[in-house]
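Report on the structure given below.
Residue numbers (this note's numbering): 3 to 341.
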């Protein structure tokens, strides 16, 4: 029996539809990535001249009057030298350094040397006799500054009932004693802050803090730290601040440093504690804002820290059981609307 394969169905030819990045009537743009300003406007090259050597750098942007490079950028440029007949070789060395504040420390992360050109000894041979070798160098400072933006904007104030998804609640219990007078204390902390967790260094970060404890503990707190309703004050039983931790590991050596970036301004909601009828405990609440006042081998960690009965300090100087650190991220560029 002979098998006959079925013929495929006939298809009519058609032209593909036209596409455009502009939405048609009834369509809407969901998300787009705008071209960065420094890419739209090509910057003029940077030139450095020293010791009869000229270095021209391209493919960079200008920040703080320095050639600046982002994540994954390539350093491109040209080297021009005078008196070429006297040159035997040309080399370039790219070195990366990190300055850690705290105790000020400079760490060399890498140093890469490449030879760009070497004179052919068989051509243009120099006259025989005594040869004098002299090295001339040019030092140019570059800046590595990657740009990162938050995925969405930061709420302007704490209003959890309107957009609960914009807020994250961190809860923990502190067991310890007050500094003065020394009295055992068990406090439940409820801390609300923007759920985005990524902030620009210029952002004003709103937060809400509620402390819940027994009636006697709340009375002791209010007696030790007399509250002022509706105004910020310095004599606080609790502090909220931003802490940056930098850890550098290079050539088997580990270097670390910490710095306090900003301290929160807090306003007590009411001088009369709110009582929880179900548990018999009382609570005090504050609204506040935070803002920076500074701006594998390298690890940079940012934290939002809540500290009871102790002003802002680094982790090495703080009592861990009275301090709670929440990881956040601080970036250089503000959020932009991509719609």
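Glycine included, every Cβ here is placed at the ideal spot set by N, Cα and C.
According to the Cβ coordinates, are residue 47 and residue 144 closer than 7 Å? no
Would the region 153 to 162 and the region 64 to 79 be scored as touching if the rule is three or more Cβ pairs under 8 Å? no
Helix, strand or coil: which one does DSSP assign to residue 240? strand
According to DSSP, is residue 86 part of a helix, a strand, or is it coil? helix
What is the DSSP secondary structure of residue 327, counted as helix, strand or coil? strand
With the cut-off set at 7 Å, would you say residue 99 and residue 108 are in Cβ contact? yes
I'd like to know whether the C-beta atoms of residue 213 and residue 286 end up nearer to each other than 7 Å. yes
Let me know if residue 174 comes out buried or exposed under the rule of 16 or more other beta-carbons within 10 Å of its beta-carbon. Its Cβ having fewer than 16 others within 10 Å, residue 174 is exposed.
On the DSSP bridge assignment, give the partners of residue 259 in chain order. Checking the DSSP bridge columns, you'll see residue 259 partnered with 248.
Report the three-state DSSP secondary structure of residue 166 (helix, strand or coil). In this structure, residue 166 counts as helix in the three-state DSSP scheme.
Does the structure place the region 51 to 66 close enough to the region 82 to 90 that three or more beta carbon pairs sit under 8 Å? Enough Cβ pairs lie closer than 8 Å, so yes.
Taking 7 Å as the cut-off, decide whether the C-beta atoms of residue 270 and residue 219 are in contact. no
Count the other CB atoms within 10 Å of the CB of residue 39; is the residue buried (16 or more) or exposed (fewer)? Below a pLDDT of 50, predicted positions are generally treated as unreliable, and residue 39, at 47, falls in that range; the measurement from the model is reported next regardless. Looking at its Cβ environment, which holds fewer than 16 other Cβ atoms inside 10 Å, residue 39 is exposed.
I'd like the span of the beta strand (DSSP E) that includes residue 285, first residue to last. 284 to 292
When 136, 284 and 338 are compared against residue 205, the one with the closest alpha-carbon: 338
Sort 90, 246 and 261 by Cα distance to residue 117 and report the nearest one. 90
Which term fits residue 309, buried or exposed, when burial requires 16 or more other beta carbons within 10 angstroms of its beta carbon? buried
Start-to-end residues for the alpha helix (DSSP H) that takes in residue 200: In the DSSP annotation of this structure, residue 200 is not part of any alpha helix (DSSP H); the continuous beta strand (DSSP E) holding it starts and ends at 200 to 202.
Rounded straight-line distance, which links the Cα of residue 60 to that of residue 130: Low per-residue confidence applies at residue 130: pLDDT is 48, beneath 50, and the placement is therefore not dependable, though the value from the model is reported in the following sentence. If you take the alpha carbons of residue 130 and residue 60, they lie about 40 Å apart.
Among all the DSSP beta bridges, which residues are the ones paired with residue 268? 290
Give the straight-line distance between the Cα atoms of residue 62 and residue 94, rounded to the nearest whole angstrom. 18 Å
So, with DSSP's three-state summary, where would you put residue 58? Of the three classes helix, strand and coil, the one that applies to residue 58 here is strand, per DSSP.
Rounded distance between the beta-carbons of residue 307 and residue 249, thought under 8 Å: 17 Å between Cβ atoms; not a contact.
How long is the line joining the alpha carbons of residue 136 and residue 110, rounded to whole angstroms? 27 Å
From residue 281 to residue 73, what distance separates their C-alpha atoms? 53 Å
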